[in-house]
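Peer 1:
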Amino acid sequence: MALHPKQLIGPIITRVVSSFVTSVLSLALVVFPGNNDNTLTSVEKREGWVLLFNGRNLDGWYGETAFWKVLDGTIIGSSGHRLTRNTFLITRQKFSDFVLKVDIKLANRNSGVQFRSKALRRYSVRGYQADATQGKAWGNLHGENTGRRVIVDGWTGKGEKVVRPGKWNHYEIYCKGRHIKLTLNGVVTVDTYDTMFPEGVVALQLHRGEPMNVAFRNIKIKPLGATKAYP
Numbered sequence: 090m091a092l093h094p095k096q097l098i099g100p101i102i103t104r105v106v107s108s109f110v111t112s113v114l115s116l117a118l119v120v121f122p123g124n125n126d127n128t129l130t131s132v133e134k135r136e137g138w139v140l141l142f143n144g145r146n147l148d149g150w151y152g153e154t155a156f157w158k159v160l161d162g163t164i165i166g167s168s169g170h171r172l173t174r175n176t177f178l179i180t181r182q183k184f185s186d187f188v189l190k191v192d193i194k195l196a197n198r199n200s201g202v203q204f205r206s207k208a209l210r211r212y213s214v215r216g217y218q219a220d221a222t223q224g225k226a227w228g229n230l231h232g233e234n235t236g237r238r239v240i241v242d243g244w245t246g247k248g249e250k251v252v253r254p255g256k257w258n259h260y261e262i263y264c265k266g267r268h269i270k271l272t273l274n275g276v277v278t279v280d281t282y283d284t285m286f287p288e289g290v291v292a293l294q295l296h297r298g299e300p301m302n303v304a305f306r307n308i309k310i311k312p313l314g315a316t317k318a319y320p
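In our numbering, the protein residues as written are 90 to 320.
1) For THR245, which of helix, strand or coil comes out of DSSP?
2) Excluding the five sequence neighbours on either side, which residues of its own chain have a C-beta within less than 7 Å of the C-beta of ASN307, listed in chain order?
3) Tell me the DSSP secondary structure of THR111 in three-state form.
4) Using only alpha-carbon positions, find the residue among ARG174, LYS207, ASN258 and HIS231 that is nearest to LYS183.
5) Buried or exposed: which applies to VAL214, given that a residue is buried once 16 or more other Cβ atoms fall within 10 Å of its Cβ?
6) Runs of 4 residues minimum, wholly inside the region 125–168: which ones carry the alpha helix (DSSP H) assignment?
7) Is ARG267 helix, strand or coil when you go by DSSP?
8) For HIS296 and ASN302, what's the separation of their Cα atoms in angstroms?
9) Out of THR235, HIS231 and GLY255, state which residue places its alpha-carbon closest to the alpha-carbon of GLY201.
10) State the CB to CB distance for the pair PHE333 and GLY216, rounded to an integer number of angstroms; the pair is presumed to be in contact (CB under 8 Å).
11) Could you name each continuous beta strand (DSSP E) segment of 3 residues or more that falls completely within the region 170–216, going from the start of the chain to the end?
12) CB-CB under 8 Å to VAL119, same chain, minus the five flanking residues each way: which ones, in chain order?
13) Could you give the DSSP three-state label for LYS72: helix, strand or coil?
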């Protein structure tokens, strides 16, 4: 039996409206995605994770204010001109044994994440660094102001295979006693034992030289204990 044209209009309109709503919702998810940056899940809270960066301001950190700011939930380090020395954004708190997580997006030049480091004059530090650079250093364990420079090569065959130049990269830094492990984008690049520094601050680097830009987000730490000195 043939349907009257009026009987066809209802289902057609329903399909058109449904398709339109689906398209609008899909577009909304693209334009306004859910943002879980700089937050802790309920599981992370139970496990003892703590945010080092709240996504709004630099509470808990100090550095040369001309070079550091918060924009759209990220810490932005920008020199704007040639630097004659390295400068750092430094935590006011020290840490000994922990797991530290941080996302880094390096636009150019050289940066890194200091840990178990000693704060020095003029916003400088001395200690371990998870390296991040345009060159062959992503994944390396570097010694800032220690005289050791590359403590462990984590680039060759490891960091070089997983780094995403110009995009967000994820570092996980594990320290327990003498044990130090760096994981870059899910790949372990360094797994070593060292006794140089048992505790210290966390710090973010702007490297000396030509103008550079770097961004950080999702900086969180899980303390594992308080091993402040080696036997």
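We put the CB at the ideal spot given by N, CA and C, even for glycine. Just so it is clear, the structure is predicted and the values come from calculations on it, not from any experiment.
Peer 2: Reading it off the structure:
1) Numbered from 1 along the sequence shown, position 156 holds the residue referred to as residue 245. THR245: helix per DSSP, three-state reduction.
2) Taking the first residue of the sequence shown as position 1, residue 307 is located at position 218. Result list for ASN307: ASP126, ASN127, LYS190, VAL191 and ASP192, in chain order.
3) Here residue 111 is taken as the residue at index 22 of the sequence shown, counted from 1. Summary for THR111: the model assigns pLDDT 46, below 50, so the residue's position carries little reliability, and this model does not support an answer.
4) Reading the sequence shown from its first residue, position 94 is the one you call residue 183. Selected option, being the one with the closest Cα: LYS207.
5) Position 125 of the sequence shown, counted from the first residue, corresponds to residue 214. VAL214 should be labelled buried.
6) 131–136
7) Taking the first residue of the sequence shown as position 1, residue 267 is located at position 178. Note: ARG267 maps to coil in three-state DSSP.
8) As a position in the sequence shown, residue 296 is number 207, starting the count at 1. As a position in the sequence shown, residue 302 is number 213, starting the count at 1. Answer to the nearest angstrom: the Cα atoms are 10 Å apart.
9) The count along the sequence shown starts at 1 and reaches residue 201 at position 112. The residue with the shortest Cα to Cα distance from GLY201 is HIS231.
10) Residue 333 is absent from the structure shown; the chain starts at 90 and stops at 320.
11) 176–184, 186–195 and 199–208
12) Mapped onto the sequence shown, residue 119 falls at position 30. Residue placement at VAL119 is poorly supported in this model, since its pLDDT is 38, which falls under 50; the coordinates still yield a value, given next. No residues qualify anywhere along the chain.
13) No answer is possible for residue 72: it lies beyond the span of the chain, which begins at 90 and ends at 320.
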